[in-house]
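Chains D and L are the protein sequences, given in the same order.
The opening residue of the first sequence carries number 367 in the numbering used here; numbering runs sequentially from there.
The opening residue of the second sequence carries number 5 in the numbering used here; numbering runs sequentially from there.
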Amino acid sequence: MSDNEAEFREFVGAQMDSLRGLAYLTCGDWQVAEDAVLSALARLYVKWGRVENHDSYARTAVVRAAIDETRRPWWRREQSHSHAMPDMAAPDVIPHADDRMHLREALLQVPVKHRAVLVLRFLEGLSVPQTAAALRCPEGTVKAYTSRGLETLRRILGVDISLDERTEARHEAV
Amino acid sequence: MKLSDLLEDAPPPRFTVDDFIRAGRRRRRRRNAGWAIAAVVAVAIAIGVPQILTRPPSHPVNPVPTPTRALDRLFKTYQVGDLTVGDPEWVGVNNQTTYIGRDRPPGRPLRAVGILNVYRAGFEPTRAWAEKVTPTDPIGGRPAYFAAARPARDNGIWKPVRVLVWQYADNATAVVTAYDRYLGLDDAEMRAVASRFVLQATPQPIRQRYTVSWTPPGLRLAAVEYSMRGPGSVVFVPEAAAATFESTALDGETAGFLANLDTKNQNFGPIAVPPGGMVMDLLGGGRSDQGPVPECGPKRFPDFNAETNASWTRQCVAQIVPISTAGDPDSTTGLYLTVRAGDAVPLDHLRQVAASSKPTGPMARPDSWKPSVEAFPTSAQLPRD
Chain D
367 MSDNEAEFRE FVGAQMDSLR GLAYLTCGDW QVAEDAVLSA LARLYVKWGR
417 VENHDSYART AVVRAAIDET RRPWWRREQS HSHAMPDMAA PDVIPHADDR
467 MHLREALLQV PVKHRAVLVL RFLEGLSVPQ TAAALRCPEG TVKAYTSRGL
517 ETLRRILGVD ISLDERTEAR HEAV
Chain L
5 MKLSDLLEDA PPPRFTVDDF IRAGRRRRRR RNAGWAIAAV VAVAIAIGVP
55 QILTRPPSHP VNPVPTPTRA LDRLFKTYQV GDLTVGDPEW VGVNNQTTYI
105 GRDRPPGRPL RAVGILNVYR AGFEPTRAWA EKVTPTDPIG GRPAYFAAAR
155 PARDNGIWKP VRVLVWQYAD NATAVVTAYD RYLGLDDAEM RAVASRFVLQ
205 ATPQPIRQRY TVSWTPPGLR LAAVEYSMRG PGSVVFVPEA AAATFESTAL
255 DGETAGFLAN LDTKNQNFGP IAVPPGGMVM DLLGGGRSDQ GPVPECGPKR
305 FPDFNAETNA SWTRQCVAQI VPISTAGDPD STTGLYLTVR AGDAVPLDHL
355 RQVAASSKPT GPMARPDSWK PSVEAFPTSA QLPRD
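Rendered as structure tokens:
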């Protein structure tokens, strides 16, 4: 096994879960998310020796692949959300399951690019410039998408939400 | 609430680090081989196209059936006169089955008079009817014929007597089977059932009340139940058998839900375990002294019939929702999962399956349950078409 491959193996082992989560929150489907991570990391494998910042490359590639998956024509998508099941009010026996479901449904209604910005900023803790670099768009666009995405969530959830930004400085020093 | 909270109920990952390495190697090989492939393709086109253009016409060849992974209901219940065709009760990787019932006076259950079996495109069903067929007028512009059903084992409830076979889409077969009870179905009714059949624009996934994060290597998810019987069963078969697996209209499974249409026929029980396979049943109730740690041993289910009894020898039981007196919809009765198999599956494997199970959303919130493709490990599922 080459050094590159050993490094790649170690990288995937360490980052797979977080990349999977990043893709899932961007596209809203676990199966599609894992497909996106697989294709993004396969590209990284080929370019491993030429890429300087593996974390940043992987994050960008995964988010872009997840966005691409949501743009597939409907007949090529795997259906996984039922519209037939009735919503019935009932006691919630699993702690916070309702909150999570509401937030997940609300997040899925946010336009995909706005959603990607929210996920990069509030899950991955990227700054505005880092998010702009990851999505290859101007910083002003990131700010606008953040504002509009949060506004959409507030409107859908009907509450003044505050997503946790404590991690925002996590990548500042990178 | 943080975004990371949404990742708490993540399903088990379907790819390992080795899968990523393999995908990377494949991509590199493809890239390196790109020019060579382009050259080969160019040569093949230069040589092959003239040959194809000059080849005499031949009979079309059916595409090789490929298994599907999605376990979504392809159609939904509909009425034809006094007949009701149910939602798919069993959804398998190759076919979906449901009942055909005839109305009775208000307040009384339907009478089971037949069954509808819908096969996915490209799948050639086992021929459960006689060689001699009687062509009938096309249905939906596609060919159709009647035939006598092959004699089947008498399950004490009904016997199939006649089938209508038609193509509901290109290279996609469906079968209406009429039974001998309550005058069954006449030819006009069988044609009406077929003529009114339509695919759902958006197939609906079968959701599961629980997830399982480990299944024995070599076993593949073959069918899931969405039945009026109650919480459903899930069938796994050896990989070699999955591509041709059919949930048949003549076994104890479908006998169960057909029998359930008529209160006089409550003599069904656990479904048979396919050869070399495994069945999971989610059932209400259980024991208050039992917890999520599986109890394993020899078969303990009550007897059903000889064929079903002989199909499995061992089982594990885990109480995935405990019985309590808290008064919520789940805990009043509890839920337990039974994992059954024959000698081909080691008891330790059944134990590991049962131990990896956990409940999803509340019983009264089916919308919070997991679609089947997320409830079981992807390694146990067939690839999509």
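Glycine residues also receive a C-beta, built at the ideal position from the N, C-alpha and C atoms.
If you draw a 10 Å sphere on the C-beta of S513/D, you find fewer than 16 other C-beta atoms in it, and that means exposed. Counting of Cβ neighbours within 10 angstroms places R77/L among the buried residues, the total reaching 16 or more.
Residue range V494 to L501 is occupied by the alpha helix (DSSP H) that includes P495/D.
Residue nearest to A176/L within the set G236/L, L114/L and V122/L is V122/L (criterion: CA-CA distance). Residues of chain D with a Cβ closer than 8 Å to the Cβ of L223/L do not exist, since the nearest Cβ in that chain sits about 20 Å away. With contacts defined by Cβ atoms closer than 8 Å, W218/L and V277/L do not form a contacting pair.
Membership of N370/D in any beta strand (DSSP E) is not indicated; the residue belongs instead to the alpha helix (DSSP H) covering D369 to C393. The region 31–50 of chain L and the region 381–388 of chain D do not touch, with fewer than three beta-carbon pairs separated by less than 8 Å. According to DSSP, residue pairing for K362/L in a beta bridge involves T215/L.
Between Y511/D and chain L, the shortest Cβ-Cβ separation is not below 8 Å. Going by beta carbons, L341/L and Y214/L fall inside the 8 Å limit. Between W373/L and R211/L, the beta carbon gap of about 4 Å places them in contact (Cβ cut-off 8 Å). Counting only residues of its own chain and dropping the five nearest sequence neighbours on each side, T426/D has a CB closer than 6 Å to the CB of A500. When the alpha-carbon of F24/L is set against those of D401/D, Q397/D and I433/D, the nearest one is in D401/D.
Among the bridge pairs identified by DSSP, P302/L is matched with R318/L. Residues of the region 369–398 of chain D that bring their beta carbon within less than 8 Å of a beta carbon in chain L comprise E371, F374, R375, V378, G379, M382, D383, R386, G387, Y390, L391, W396 and Q397, in sequence order.
Under the 10 Å beta carbon count, D13/L is surrounded by 16 or more other beta carbons and is classified as buried.
By the Cβ neighbour-count rule, N36/L is exposed, with fewer than 16 other Cβ atoms within 10 Å of its own. Those residues of the region 96–129 of chain L placed with their C-beta closer than 9 Å to a C-beta in chain D do not exist. Collapsing the DSSP output to three states places R18/L in coil.
Cβ contact annotation for V238/L (same chain, cutoff 6 Å, sequence separation greater than five): V228 and M284, in chain order. Around L407/D, the beta-carbon contacts reaching into chain L at under 8 Å are F24, A27 and G28. The region 189–201 of chain L makes no contact with the region 356–370 of chain L, as fewer than three CB pairs between them are under 8 Å. At a cut-off of 8 Å, the C-beta of E435/D has no neighbouring C-beta in chain L. R409/D counts as buried, since no fewer than 16 other beta carbons sit within 10 angstroms of its beta carbon. The alpha-carbon of V97/L is positioned some 29 Å away from that of I433/D. Here DSSP, grouped into helix, strand and coil, assigns Y423/D to helix. Non-local beta-carbon contacts of P16/L in its own chain, meaning distances under 7 Å to residues more than five positions away in sequence, involve S217 and P381 in chain order. As DSSP reads the structure, W94/L sits in a beta bridge with T101/L and E229/L. At least one CB of chain L lies nearer than 8 Å to the CB of R466/D.
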